[in-house]
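Counting in the UniProt record's numbering, the sequence shown runs from 1 upward without gaps. We put the CB at the ideal spot given by N, CA and C, even for glycine. Presented below is the structure to which this report refers.
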Amino acid sequence: MLLESLLAFLLATVHLVARGTVALSGPPRSVWLSTAGGISVAYVFLHLLPELHEGQHHLQERGALGVVPGQSAIYLVALGGLVLFYGLEHLADRSRSNERRRGQPDSTSAGAFWLHVASFGLYNLAIGYLLVHGERDNLLLYGVAMGLHFVVNDHSLREHHKGRYDRLGRWLLAAAVLGGWALGLATEVSELSVKMLIAVLAGGVILNVVKEELPQERESRFGAFLGGAALYGAVLLAAT
């Protein structure tokens, strides 16, 4: 219980302190951001996806998602998470483009900001909840991976929403992590529901990292990304 509480407050703090990390600005993309992205992706492929395989059995037993074959259902949820966050990224890009055409600063509209922050708030809520009801044997590894993932997300959200994110958005996302943790202490959902949360998280992490690394204009650091993925992959394999 102590470790879950400590990690919840540390994860919330990431959103509050990442603003001062000037070294993360670019291009070229910061070595640290690319390393953090590599670590996050390694965690998804070596830890979360194997958990999704286990979650398939729960869906097959319960006949969840109706016509969808049991061996595909849990991955369909993960795909849904990926598509959802791709849609949010597309919305933010279009909103910034529209604002620039209107002669406004290069930032999203208020509506796009609130939708983006609300969606990431639910995402953070799930991450906080999984601190209590997720994989307990590797909780510290989960906390490290999600903390670094928050650094990547924070950088992206600040780029889209500028001052509005610093004034309000980061505080709401920090509160969402703590809210998820508190909800986990107060309630417990079924194991199937936990697996579904993990599936959405896996899809979200993959999209949120890859969208930051692939665009050519970001001048991403492949070596740092590879190093982060390889190093944390080795740690995860050693821990299993």
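| Query | Result |
| --- | --- |
| Burial state of T35, where buried means 16 or more other Cβ atoms lie within 10 Å | buried |
| Span separating the alpha-carbon of A175 from that of A12 | 7 Å |
| Three-state secondary structure (DSSP) of P50 | helix |
| Stretch pair the region 225-239 + the region 36-55: three plus CB contacts closer than 8 Å | yes |
| Under 9 Å between C-beta atoms of H53 and E135 | no |
| Beta-carbon proximity list for V22, same chain, < 8 Å, skipping 5 on both sides | Summary for V22: the model assigns pLDDT 46, below 50, so the residue's position carries little reliability, and this model does not support an answer. |
| Inside the region 175-230 only - alpha helix (DSSP H) runs reaching at least 4 residues | 191-213 |
| Proximity winner among W171, T240, F45 and L125, relative to L185 (alpha-carbon distances) | L125 |
| C-alpha distance - I127 paired with V200, whole-angstrom precision | 10 Å |
| Pairwise C-alpha distance: R102 and D137 | 52 Å |
| Coarse secondary structure for V22, derived from DSSP in three states | Its pLDDT being 46, under 50, V22 is placed unreliably by the model, and the measurement read from it follows with that caveat. Looking at V22 - three-state DSSP - the assignment turns out to be helix. |
| Coarse secondary structure for G37, derived from DSSP in three states | helix |
| Segment contact flag, the region 158-169 with the region 107-114, C-beta cutoff 8 Å, min 3 pairs | yes |
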